[in-house]
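*Asks:*
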Amino acid sequence: MSKLLVNVKSQDSQFPCSSVSQANLKRKYCKRVWFILSTILCLRSLAVSTALAQTTLPGTKPLTLQGDLAAQMVDGIHSFLLRKTEQADKERERLWESQDMKEFQHSVPLKRERFKKIIGAVDPRVSLTTLELVGSTSVPAQIATGAGYKIFSVRWPVFEGTTAEGLLLQPDRQPVARIVALPDADWTPERLIGLASGIPPAAQFAQRLAENGCQVVVPVLMDRHDTWSGAR
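Just so you know, the sequence shown maps onto residues 191 to 422 in this note's numbering.
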């Protein structure tokens with residue numbers, strides 16, 4: 191009889207017959223799992239926070255500035271550029287002066303190459319032999335006539351697959367000089383030669399050069415707007 195009771199008890203422990211007992215076991219199991227997961231997450235967060243608090247790169251410190259940080263950054267850049275401009279003005283003569291003409295002639299190409307790298311003019315240039323007149327049967331290349339000169343729309347190769355455009359002011363007589371007139375980035379060539387309004391006559395120096403017998407090329411410069419950037 192005792193053996194039978196033992197067997198029955200053993201079977202009850204392996205196969206609970208009460209749904210209430212099963213629910214209690216599930217609740218206890220879920221609570222235990224949730225407690226373990228919560229503990230792990232808390233410990234991990236504490237470890238990460240401690241590591242971040244203790245990690246400081248050499249030569250750095252936490253940012254404690256207050257106010258408009260963007261405006262402060264712009265002001266700092268402005269001050270830096272002004273300081274460098276004043277410094278360059280003071281050092282220019284010392285850097286360029288030389289008692290030896292051979293040494294001076296040797297240093298000029300090096301300075302030019304460094305300047306080309308600074309402005310990004312490092313691509314191989316296409317050899318220029320002539321300017322191409324831009325026109326057709328409906329729109330001629332000659333767009334206007336000035337006092338002693340003609341104005342043509344032209345273009346010329348710069349890099350492989352890249353061309354530049356502008357206006358050519360060709361004097362009616364043999365040119366006394368050949369000049370590339372660079373306008374402000376927001377000025378069109380037409381403004382610089384008096385064909386369009388927008389700048390005072392005193393600033394239209396390309397027109398005066400052509401009137402005095404100079405052959406003048408006025409290139410089209412990239413303006414400061416984003417019209418052709420694809421941003422709109």
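Where is the CB? At the ideal position from N, CA and C, for every residue including glycine.
1) Might you give, ordered along the chain, the residues of its own chain that have their beta carbon closer than 6 angstroms to the beta carbon of Glu-355, omitting 5 neighbours on each side?
2) Let me make sure I understand the geometry here. Which of Thr-417, Gly-388, Leu-359, Pro-252 has the alpha-carbon closest to that of Arg-398?
3) Among Ala-393, Thr-229, Arg-304, which one has its Cα closest to the Cα of Ala-371?
4) So if DSSP puts Gly-420 in a beta bridge, which residue, or which two residues, is it bridged to?
5) If you compare alpha carbons, which of Asp-376, Ala-400, Arg-368 is closest to Ile-383?
6) Taking Cβ positions, are Ala-334 and Leu-253 nearer each other than 7 angstroms?
7) Is Gly-156 helix, strand or coil by DSSP?
8) Among the residues of its own chain, which have a CB less than 8 angstroms from the CB of Gln-204, if the five just before and after it don't count?
9) Among His-415, Leu-357, Asp-374, His-268, which one has its Cα closest to the Cα of Val-324?
10) Going by beta-carbon coordinates alone, are Asp-376 and Asp-416 separated by less than 7 angstroms?
11) Along the beta strand (DSSP E) that carries Val-348, what are the first and last residues, could you check?
12) Among Trp-418, Met-291, Gly-351, Val-298, whose alpha-carbon lies nearest the alpha-carbon of Ser-317?
13) For Val-366, which option in Gln-256, Cys-404, Thr-378, Thr-353 has the closest C-alpha, if you only look at C-alpha atoms?
14) Under the three-state reduction of DSSP, which class applies to Ile-267: helix, strand or coil?
15) Which one of Ala-331, Pro-314, Ala-260 has the shortest CA to CA distance from Leu-321?
*Replies:* Let's see:
1) The count along the sequence shown starts at 1 and reaches residue 355 at position 165. Around Glu-355: Arg-345, Val-410.
2) Counted from its first residue, the sequence shown places residue 398 at position 208. Minimum Cα distance to Arg-398 is reached at Leu-359.
3) In the sequence shown, the residue the question calls residue 371 occupies position 181. The residue with the shortest Cα to Cα distance from Ala-371 is Ala-393.
4) Residue 420 sits at position 230 when you count from the first residue of the sequence shown. DSSP, once it has assigned bridges, lists no residue as partnering Gly-420.
5) Translated into the one-based positions of the sequence shown, residue 383 becomes position 193. Selected option, being the one with the closest Cα: Ala-400.
6) Locating residue 334 in the sequence shown gives position 144, counting from the first residue. Locating residue 253 in the sequence shown gives position 63, counting from the first residue. No, Cβ-Cβ distance for Ala-334 and Leu-253 is not below 7 angstroms.
7) The requested residue 156 does not occur in the structure, where the chain is confined to residues 191 to 422.
8) Taking the sequence shown and counting its residues from 1, the one referred to as residue 204 is at position 14. Because Gln-204 sits at a pLDDT of 47, beneath the cut-off of 50, its placement in the model cannot be relied upon, and the point is left open.
9) Translated into positions along the sequence shown, residue 324 becomes position 134. Of the candidates His-415, Leu-357, Asp-374, His-268, the one whose C-alpha sits nearest the C-alpha of Val-324 is Leu-357.
10) Counted from its first residue, the sequence shown places residue 376 at position 186. Counted from its first residue, the sequence shown places residue 416 at position 226. No, these two residues do not count as a Cβ contact at 7 angstroms.
11) Here residue 348 is taken as the residue at index 158 of the sequence shown, counted from 1. Residues 339 to 349.
12) For the purposes of this step, residue 317 is identified with residue 127 of the sequence shown, where counting begins at 1. Comparing Cα-Cα distances from Ser-317 to each of Trp-418, Met-291, Gly-351, Val-298, the minimum goes to Gly-351.
13) Here residue 366 refers to the residue found at position 176 when the sequence shown is read from its first residue. Per the Cα distances, Cys-404.
14) Counting from 1 along the sequence shown, the entry for residue 267 is found at position 77. If DSSP states are grouped into helix, strand and coil, Ile-267 belongs with the helices.
15) For the purposes of this step, residue 321 is taken as residue 131 along the sequence shown, with counting starting at 1. Considering only alpha carbons, the answer is Ala-331.
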